[in-house]
Structure formats: structure tokens, C-alpha cells
Amino acid sequence: MDWAKKLWDQLREVFGPMPPGMRLTTALLLAVLVVSLGMLVFYRPSGPRIYLLGGESFSSAELTAMEAAFAQEGLRGYEIVGGRVRVPSGRQNDYIAALAKHNALPANFGEILDRALDKGSPYEPRDRRQERIKNAKQVVLSQFISSMRGIERAMVMYDVVERGGLNRERLITAAVIVKPEGTAALDPALAQSIRMMVVAAIAGLQPKDVAITDVNTGQTTFGEASPYGSPLQDPYFTRKRLYEQQLKEDILRALAMVPGVTVTPYVELDPEQFRREEQIKHDPKTVEYQTLETTRTVTRQQDVAGGRPGYVAQQGANVPLRLGASGTARQEQEEESQRSQLNVVSSQIVRSERVGLIPKRVSVAVTIPSSYFRKIWEERYPPSGGAGSAQPDPAQLDAIRAEVITNIKQLVAAVLPKPEGVTDPTQLVTVAEFQDLPPPPLPSPPWSTLVLQWLDENWKTLGIIVLMAATLGLLARGLKGISIAAEKTASAGESPATQPAGTSPTAEATSTTSRLGRFQTKGASLRQELAQVVAEDPTTAVEILRAWISGGKR
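Following the numbering used here, the numbering of the sequence shown begins with 118 at its first residue and continues without gaps.
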């Protein structure tokens, strides 16, 4: 415990000579210094901002509810960028808690239907239950369409009417009111996607019964009864776009080593949608198909008149009669045979089916920036001796251009489908060169904006450092005044024996009086100078006044 005692003795030596007011001020400054040091060590600035909920985009209605929740909780460090909310990375939990507290989190579409079903009771009428489910379905569809990119808000309404009569029918109509972002008109492709989504969500609804209204333009469009009414529903147009998009992606992957390359394919489809063929081939040689053989046998037997000759015939009437022995029989047998043969012509039947709308002819246009050829020339012919960039030789540059174009044609031709009647598929590829212009430089923000942004992110840390520096300065100045006063007190309290030879109390008083002589000749400015000394160093001023008064008494 020696170190603690030594520390305590040093503190007593430092703070002992201080007046009570000075001790209190020093203690407060030390407390501020400790707190500032703790905040500087343990405080972590927010750092870069991050997007809330993984960067999910929200509709205007959802953003309004979020801003209201943030305002009620006093959270003001957020900003909205393109429908997304960016918050300080260290406080994202506070913002999520505020959304959950005020029920402003993005709605889960399944929960809306669940809540609608849970509100019912076993004794609820059937029509009321269906009406509640219908309303929940409208809310789900509205929120889902509002969450699409380019849609600010949307509302879906539909109605079902039962037609009476012998043939009961259900008439279902729907209306979708859409507000695109800004003042732009609704994209026809997006409108068609919304229409088909609503048709799929409501059983029995037909595309021709769905009306979509654009709030920005005020136009209302209905679906077509025929699938060929809209160009977006044309199977030829749809498949053509699909083939061109797939072909473009394949070619871009093959030309990934060429920076700035552009690819534009054109696909011509076979207009036949479906073909079924049946081909029959006959063989001139006949083939035995069926043989029929018939055999017929006829037997005839005839008895001859007269009795049986011999002894038996001369017997009396009581002799037993023998069957078959009445007379002599004559028998005839006749056999007839018939054979028929059926011959047919052999044939071969070939049936084939082919789905139409397949690529018939494909051509591709490829453009390459001219800077790509120059970069290849710089790689092949680097400057020697550390010289700067030199101008390329036109002949060398032309050779590189021809080589690159040939390679690209062969590479793209390998990706294209093989058309009929084309021997050289590279003829279907056109490669052109364009002069690429450097984009204009992005304007850099002024230094004042950067400074303000840095201060906005680090003002707390900077303020703590300034406060610590001011505290240390005040403590150093106070300790310096205490040390000066202690030295003067020690020199004033020395005994005559320890004073140097030739000095006396009278001489010390004379020296003190001479040090204060400037206050005796100033006249009216004595008060001002004395106030200045007291303001600059109160402890030293007290010691000087004490010596001055004691010198005056002597």
C-alpha cells in the first residue's frame, strides 16, 4: 500500500495549498476529463448509413406511415432515397422497434386474409363472410400492385353480380386505379401484367372485364376479348422478343472480354404455329393378305326294291325283322373344293408434327469501341525505354482491327442457330466500329459540403476532444499557479540563518516594496492593474498583497 500512500501525499501537496473554490473547480474539471475520456474510448460513431430492412423499396403510403412512426419516437437521423429508407448503422434496431410499435411495418399479404378469416364467427351469415373476404382480397391486391416498381399507389375494386333466369350466370368486373411515380404514363406492358395478375387472383374474371385507369393521364383501358387484340398478347411478338433476349445474353457472355461492346440481334420466326403431316408410300408389288379354302363333301345312298334273297326271306311271318335288311343299298359320294386368295398393295404411313414459331433466320449486329483496338496495340507494342505513350502505326492498327473483327464474327456465328441455305454463317454477323467518347467528369462536391458531412458524422467525437483539451489546459494552468505560489511561499518563509549573507528582513521588505513599486506611481490605473493581476493569477496576487501589506506594517 506504499504506492497509495505516496499518491495520497502527492495529491495533498498539490491540492492542499489551493483555496476551497479552486479545489472545487479542479475537482469538476477532473470529473469532466474522466467522463470525456470514457466517452471517447467507448463511444462508437454511427459510421456509414445502411438501408432499412435490407434495402427494400416501399410505397408512398408505407413511407408516410414510417415517417409518422419515426416522428413520434423522435428519430430524425434517417433519409429517404428512391423509395428506400437509409438510417445510421448503429441505430437500425431503434428504427425497426419504432415501426413495430406503431404498426408501420410493411404488411404481410397473407396476414391480411388471416385476420379477415379470424374475425368471423360460426353464426355469421354466409354473404357477410364472403364480403369480408372480398374486401381483404381487394386490400391485398392493392398493396401488391403498389409495391411494384414504378407504381406509387394503386387501388383494386371488383364486383360479382348473379344474373337470374333459367341460365344463371355470374358477371364479374374489376377496376384497377393506378398512380405511376411522378408524372410518367403507365407502361402498357406493366398494365397488361397487372390485368393478368388480377384475372388470375379472381376466379371467373375475364381480361376483357378488367379496366385499368392511369391517374396521371386519365386514360382507361380494357382487355381484349381476342388474344391477338393486343400486341403484347401476340404469340409471334412474344416469342420473337424471347428469342432475341436469350440470344443477346448468350452473345454478351461470349464477348465478355470486349469492354463496351453492344449486341443487337434480329430473329425472324417461321409464321406457322403448328404443322401436322401424314405421308403414305405404296409398294408396286402386291403382298398376299388373306387366303380362303373351302371343301365340300356330298354322300348319296339309295335302297334297291325286293326282299332279301335266300333262306331267311322264305321264313314265316313270326320271324323277327332286322333293320337295314329290307333291301340292297346303293351309295354315291361327291367332293367339291374351292380356294380364294386376297392380295393387297403394301404401303408405309409416316406421321409428323412440328411446333411453329421457331427461328427461321437470325442476324446480329455487333459494335466495338475504337479504344479497344488501341488497347490491344499498346499491349502488343509497349513503349521501350520508359518512353511515354506513342501514336500507333496505322498499318499495325488496321491489322489488329481486321483480326479482331474476324475472330468476333467466328465466335458469334458459333452461337447462332444454323439456318437452311446458308453455307457461311459469318455472313449473318455484322461488326462495326464506333468512336467512343469519354463521359463528362462527375462534379465533385465542394469542400464545404465534405466538411459539413464530416462534422455531421463526427461532431460528437470532435466535441469530446475539444472539451478534454480545454479541461487539460485549465488544469495545467491552475497547477502552474499553485506551484508558483508554493515557491514564493517557501522563499518568503526562509529563516534569517538560511538566507544568504548580506540579506536581512529589511532588505527583503525593500525588495518586495520595489517589486510593487509600479503600483505606487501609476495613480488612477492602480485599480486596473491590480484587477488584471488578480484575474490572471489569483494565488500569486494573494501572496503579493500579503507581502505588500506586511511590508507596509513594518
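Ideal placement from N, C-alpha and C gives every residue a C-beta, glycine not left out.
Pairwise C-alpha distance: residue j and residue i
i, j, result
"I250", "A291", "16 Å"
"R285", "E279", "7 Å"
"A301", "T547", "36 Å"
"G340", "S259", "19 Å"
"P558", "V529", "34 Å"
"T143", "M585", "14 Å"
"E366", "L386", "19 Å"
"G590", "V583", "11 Å"
"A221", "A186", "7 Å"
"P324", "R208", "47 Å"
"T623", "T657", "For T623, the pLDDT reaches just 46, beneath the cut-off of 50, and the residue's location in the model is therefore unreliable, although a value from the coordinates is still provided. Distance between the alpha carbons of T623 and T657: 22 Å."
"P65", "Q390", "Because residue 65 is not part of the residues shown, which for the chain are 118 to 671, the question remains open."
"R129", "A121", "12 Å"
"S487", "E361", "26 Å"
"A531", "G267", "39 Å"
"A148", "D573", "27 Å"
"W576", "G191", "20 Å"
"V415", "Q458", "25 Å"
"N333", "P562", "35 Å"
"L533", "Q363", "11 Å"
"V539", "K477", "11 Å"
"K218", "F175", "18 Å"
"V204", "V198", "11 Å"
"V472", "R358", "18 Å"
"G321", "V378", "48 Å"
"E179", "M313", "25 Å"
"V375", "I485", "8 Å"
"T523", "E395", "45 Å"
As assigned by DSSP and simplified to three states, the class of residue i
i, result
"P534", "coil"
"S263", "helix"
"F551", "strand"
"M374", "coil"
"E389", "coil"
"A302", "coil"
"A507", "coil"
"T588", "helix"
"A328", "strand"
"V539", "coil"
"T656", "helix"
"L192", "coil"
"T408", "strand"
"S310", "helix"
"S730", "Since the first residue shown for the chain is 118 and the last is 671, residue 730 is missing from the structure and cannot be characterised."
"A144", "helix"
"Q333", "Residue 333 is actually Asn in this sequence, not Gln. The answer is coil: DSSP assigns N333 none of H, G, I, E or B."
"D119", "helix"
"A221", "coil"
"L559", "coil"
"E495", "helix"
"Y489", "helix"
"E241", "coil"
"T615", "Low per-residue confidence applies at T615: pLDDT is 46, beneath 50, and the placement is therefore not dependable enough to give any value."
"S174", "coil"
"S565", "helix"
"S153", "helix"
Beta-bridge partners of residue i, as assigned by DSSP
i, result
"T403", "V462"
"S469", "E394"
"Q255", "Its beta-bridge partners do not exist; DSSP assigns none."
"V415", "E451"
"V198", "R201"
"V546", "V481"
Span of the alpha helix (DSSP H) around residue i
i, result
"S480", "Segment P476 to P486 is the beta strand (DSSP E) holding S480; no alpha helix (DSSP H) there."
"F354", "P352 to A371"
"K218", "Q209 to K218"
"A182", "S177 to Q189"
Where the beta strand (DSSP E) through residue i begins and ends
i, result
"P382", "T379 to L386"
"I733", "Coverage of the chain is limited to positions 118 through 671, which leaves residue 733 absent and any answer about it impossible."
"A291", "E286 to P297"
"E269", "I268 to R280"
"R203", "R201 to P205"
"T338", "T337 to F339"
"Y168", "R166 to Y168"
Residue-level contact to chain B via CB, residue i, 7 Å cutoff
i, result
"D331", "Any reference to chain B falls outside this structure, which holds one protein chain only."
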